[in-house]
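Undergrad: Take this structure, written in structure tokens, and hold onto it; I'll ask about it next.
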Amino acid sequence: MTLLHLDPTDLDHRGAAHTAREIAHQPAVWQTVYAQLQAERPALDAFLNPLLALPQLRIVLTGAGSSAFIGQCIAPALLRQLGQRPGIRVEAVATTDIVSSPEQCLQPEVPTLLVSFARSGNSPESLAAVELADRFVKTCHHLVITCAADGTLNRRMAGQPRAQVLLLPDETNDRAFAMTSSFSGMLLAAAWAFGLPLAPVTALAQAAAALVAAEADRLYALTDKPFERIVYLGSNTLLGLAREAALKLLELTDGKLVAMADSTLGFRHGPKTILNDKTLVVIIVSNDPYTRQYDLDLLRELRQQGPARVLALRTSALNGAEAPHADDVTLALPASAPDLALAPVALVFAQCLALLASLQLGITPDNPSASGTVTRVVSGVTIHPVIEQQQQP
Numbered sequence: 010m011t012l013l014h015l016d017p018t019d020l021d022h023r024g025a026a027h028t029a030r031e032i033a034h035q036p037a038v039w040q041t042v043y044a045q046l047q048a049e050r051p052a053l054d055a056f057l058n059p060l061l062a063l064p065q066l067r068i069v070l071t072g073a074g075s076s077a078f079i080g081q082c083i084a085p086a087l088l089r090q091l092g093q094r095p096g097i098r099v100e101a102v103a104t105t106d107i108v109s110s111p112e113q114c115l116q117p118e119v120p121t122l123l124v125s126f127a128r129s130g131n132s133p134e135s136l137a138a139v140e141l142a143d144r145f146v147k148t149c150h151h152l153v154i155t156c157a158a159d160g161t162l163n164r165r166m167a168g169q170p171r172a173q174v175l176l177l178p179d180e181t182n183d184r185a186f187a188m189t190s191s192f193s194g195m196l197l198a199a200a201w202a203f204g205l206p207l208a209p210v211t212a213l214a215q216a217a218a219a220l221v222a223a224e225a226d227r228l229y230a231l232t233d234k235p236f237e238r239i240v241y242l243g244s245n246t247l248l249g250l251a252r253e254a255a256l257k258l259l260e261l262t263d264g265k266l267v268a269m270a271d272s273t274l275g276f277r278h279g280p281k282t283i284l285n286d287k288t289l290v291v292i293i294v295s296n297d298p299y300t301r302q303y304d305l306d307l308l309r310e311l312r313q314q315g316p317a318r319v320l321a322l323r324t325s326a327l328n329g330a331e332a333p334h335a336d337d338v339t340l341a342l343p344a345s346a347p348d349l350a351l352a353p354v355a356l357v358f359a360q361c362l363a364l365l366a367s368l369q370l371g372i373t374p375d376n377p378s379a380s381g382t383v384t385r386v387v388s389g390v391t392i393h394p395v396i397e398q399q400q401q402p
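Residue numbers (my numbering): 10 to 402.
Here it is, written out as structure tokens:
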């Protein structure tokens, strides 16, 4: 997939070649990841099926930053899939929370499957969260989804008796600062690993490519008259996606544009204060018929009230319930597609918007932090010894 008619030589000169390539190659990467998951299906089933049969199993989806948002996207869909099994719990808990408050986040007597998402596998919190889970939880298993063969997490967990490592293809291991293909690759790998409903991988790839081709002019127009604030809104699975979309813009513009995310219903409870005539709102509209009603209520409200511009990322699933609007962005997926299928496709739009905004501001997207205070792999974290609290009599 070519990206927004951008010239490769110019991208290299402007420090954007890696980011642009890693956004553009996602449709191909998804198909490679799917093929790998199919090949590893027997090993995954042998590892997961006995765990999913455990009574009272707790599944904790964990990571830091973008990797934490993968868990937030997966958790609602996984809970819905497994909700018929008595006692199973599914939670998205960031490694940063586990590390800072292990005794509040981990339950010693509850059998736990810790699903770790990690691009590099070298962040201090990713490694410490695994160690703390093994220390605090009597029966703890690990599913590690990572992109770096030489990462510490992969090397440490591969071959462990209570662990299964999904090492994704090298193409997912983004060379640029921001997570793009690593995010969508790990998201889809987790969905396929647990057998969650999605659209066919070819449909996802085609929808992403079609979106970029159809929306190139709109994306350029949005960044030619730059906004100063952007708000991404979504519900359930799409709230995790909204948070990742906002983070991409914040990262790639080096904080020069204000970006935030919230749930569709939560936005009215204070965060709506951010709206002005320099604000762009993007609502990622759910395909779930019930949830979608709340998305559309807010969409109508914001478009009527102004002054912000409001885009809607949506499939054609509305079946005439809403008149077409010039600021509707169509995701070429069927009305039957679950929200988890919308996530990687909608994310490509947000990634492209962040890239163009970064270039418009004269920032180098491959390494956007001018001060160097934010790095590709987090550093400067001290992991302190845990002093276990005594139970009160």
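Glycine included, C-beta positions come from ideal geometry on N, C-alpha and C. Bear in mind the structure is a predicted one, so any value in this text is a computation, not a measurement.
Give me the Cα-Cα distance between V174 and K287, rounded to the nearest whole angstrom.
TA: What you label residue 174 is simply residue 165 of the sequence shown in a count that begins at 1. What you label residue 287 is simply residue 278 of the sequence shown in a count that begins at 1. Rounded to whole angstroms, V174 to K287 spans 45 Å at the Cα level.
Undergrad: Pull up the distance between the alpha-carbon of T369 and that of A48, whole angstroms please.
TA: Translated into positions along the sequence shown, residue 369 becomes position 360. Translated into positions along the sequence shown, residue 48 becomes position 39. Position check: residue 369 holds Gln in this sequence, whereas Thr was assumed. When rounded, the distance between both Cα atoms is 43 Å.
Undergrad: Specify, as a first and last residue, the run of the alpha helix (DSSP H) that E112 falls within.
TA: As a working note, residue 112 is residue 103 in the sequence shown. Its alpha helix (DSSP H) spans residues P111 to C114.
Undergrad: Do L213 and I83 count as a contact pair if the criterion is CB distance below 9 Å?
TA: Taking the first residue of the sequence shown as 1, we reach residue 83 at position 74. Taking the first residue of the sequence shown as 1, we reach residue 213 at position 204. Going by C-beta atoms, I83 is not nearer than 9 Å to L213.
Undergrad: Which class does N328 belong to by DSSP, given the choice of helix, strand or coil?
TA: Reading the sequence shown from its first residue, position 319 is the one you call residue 328. Its pLDDT being 47, under 50, N328 is placed unreliably in this model, and the value from its coordinates should be taken loosely. Looking at N328 - three-state DSSP - the assignment turns out to be coil, as it is neither helix nor strand.
Undergrad: According to DSSP, is R23 part of a helix, a strand, or is it coil?
TA: Here residue 23 is taken as the residue at index 14 of the sequence shown, counted from 1. Of the three classes helix, strand and coil, the one that applies to R23 here is coil, per DSSP.
Undergrad: Would you say the segment 106-117 touches the segment 279-294, given that touching needs at least three Cβ pairs under 8 Å?
TA: Touching, no.
Undergrad: What does the alpha-carbon distance come out to for the pair K234 and P59?
TA: The sequence position of residue 234 within the sequence shown is 225, counting from 1. The sequence position of residue 59 within the sequence shown is 50, counting from 1. The straight-line gap from Cα to Cα measures roughly 55 Å.
Undergrad: Determine the burial state of R309: buried for a count of at least 16 other Cβ atoms within 10 Å of its Cβ, exposed for fewer.
TA: Residue numbering aside, residue 309 sits at position 300 when the sequence shown is read from its first letter. Exposed, since its Cβ has fewer than 16 Cβ neighbours within 10 Å.
Undergrad: Taking all protein chains shown into account, do 16 or more other C-beta atoms lie within 10 angstroms of the C-beta of Q399, making it buried, or fewer, making it exposed?
TA: Mapped onto the sequence shown, residue 399 falls at position 390. With a pLDDT of only 48 at Q399, under the threshold of 50, the placement of this residue in the model should not be trusted; the figure read from the coordinates follows. Exposed, since its Cβ has fewer than 16 Cβ neighbours within 10 Å.
Undergrad: Going by the beta-carbon positions, is the gap between P347 and L196 smaller than 9 Å?
TA: On the sequence shown, residue 347 is found 338 positions in, with the first residue counted as 1. On the sequence shown, residue 196 is found 187 positions in, with the first residue counted as 1. For P347 and L196, no; Cβs fall outside 9 Å.
Undergrad: Looking at the strands, I want to know which residues DSSP matches up with A268.
TA: On the sequence shown, residue 268 is found 259 positions in, with the first residue counted as 1. Looking at the DSSP assignment, A268 forms a beta bridge with I239.
Undergrad: Run through DSSP, which three-state label would C82 get?
TA: One-based indexing of the sequence shown puts residue 82 at position 73. If DSSP states are grouped into helix, strand and coil, C82 belongs with the helices.
Undergrad: Among T18, R23 and L12, whose alpha-carbon lies nearest the alpha-carbon of S367?
TA: Counting from one through the sequence shown, the residue named residue 367 turns up at place 358. Checking every option, the nearest Cα to that of S367 belongs to R23.
Undergrad: For P85, which option in F78, R94, V99 and S75 has the closest C-alpha, if you only look at C-alpha atoms?
TA: Numbered from its first residue, the sequence shown carries residue 85 at position 76. Nearest of F78, R94, V99 and S75 to P85, Cα basis: V99.
Undergrad: Give me the residue from D21, Q90, L91 and F358 with the minimum Cα distance to L231.
TA: Within the sequence shown, residue 231 is the residue found at index 222, counting from 1. When each option's Cα is compared against that of L231, the closest is F358.
Undergrad: Looking at the unbroken beta strand (DSSP E) that takes in T189, where does it start and where does it end?
TA: For the purposes of this step, residue 189 is taken as residue 180 along the sequence shown, with counting starting at 1. That residue, T189, is in no beta strand (DSSP E); it is neither H nor E in DSSP.
Undergrad: Which residue's Cα is closest to the Cα of S378: N131, A187 and A225?
TA: By 1-based counting over the sequence shown, the position of residue 378 is 369. Of N131, A187 and A225, the residue nearest in Cα terms is A187.
Undergrad: Quick one: what does DSSP say V108 is sitting in, helix, strand or coil?
TA: Within the sequence shown, the letter at position 99 stands for residue 108. Residue state, collapsed to three classes: helix.
Undergrad: Once the 5 residues before and after I392 are set aside, which same chain residues still bring their CB inside 6 Å of it?
TA: Residue 392 sits at position 383 when you count from the first residue of the sequence shown. P133 and A137, listed in sequence order.
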